[in-house]
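Using the numbering used here, you'd call the opening residue of the sequence shown number 115 and step up by one each time.
Everything on this sheet refers to the single structure shown next.
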Amino acid sequence: MLLIHCPYCDETLPEAEFTYAGQAHVIRHPEPSSQTDQEWEEFLFIRENVKGDHFERWRHFHGCGRYFNAVRNTVSDKFLTTYKAGAPRPQLSDLKEGGE
């Protein structure tokens, strides 16, 4: 079972409390109607498929209901950190234990 920390509730709870909401820090074009069909398709469907540390978006579905971001290693399933939506991306080198 994964344990996930909600940065809003400041609680660490089982993953059943949360829902995965895709890749974090995906920026929508300010004028979507100006995009070609191919550009819009890439925005909607093409995401990184990282083997390792990945920036993700989660929602505390059975709690506060808010979205937040997380850094999770896709190989080990270990969460390196969680942080509030809108906060800047943390540096991965700062999250590594012992400077790994």
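Just so you know, even glycine gets a beta-carbon here, dropped at the ideal spot from N, CA and C.
All values derive from a computational prediction rather than experimental measurement.
According to DSSP, residues forming a beta bridge with residue i
i	result
K198	F182
E222	For the chain, the structure presents residues 115 to 214; residue 222 sits outside this window and is missing.
Assigned exposure category for residue i - 16 Cβ within 10 Å defines buried
i	result
E156	exposed
R161	exposed
F182	buried
A201	exposed
R203	exposed
H176	exposed
Separation of residue j from residue i, as counted between CA atoms
i	j	result
T126	P144	35 Å
S148	I141	15 Å
Y122	L206	22 Å
E131	W172	10 Å
V189	Q137	16 Å
H168	L116	16 Å
T195	D151	36 Å
Segment limits, beta strand (DSSP E) that includes residue i
i	result
D167	D167 to R173
G136	T133 to Q137
Span of the alpha helix (DSSP H) around residue i
i	result
Q152	D151 to F159
L116	Counting along the chain, L116 falls outside any alpha helix (DSSP H), and DSSP gives it neither H nor E.
D191	Per DSSP, D191 belongs to no alpha helix (DSSP H) and is neither H nor E.
S207	L206 to L209
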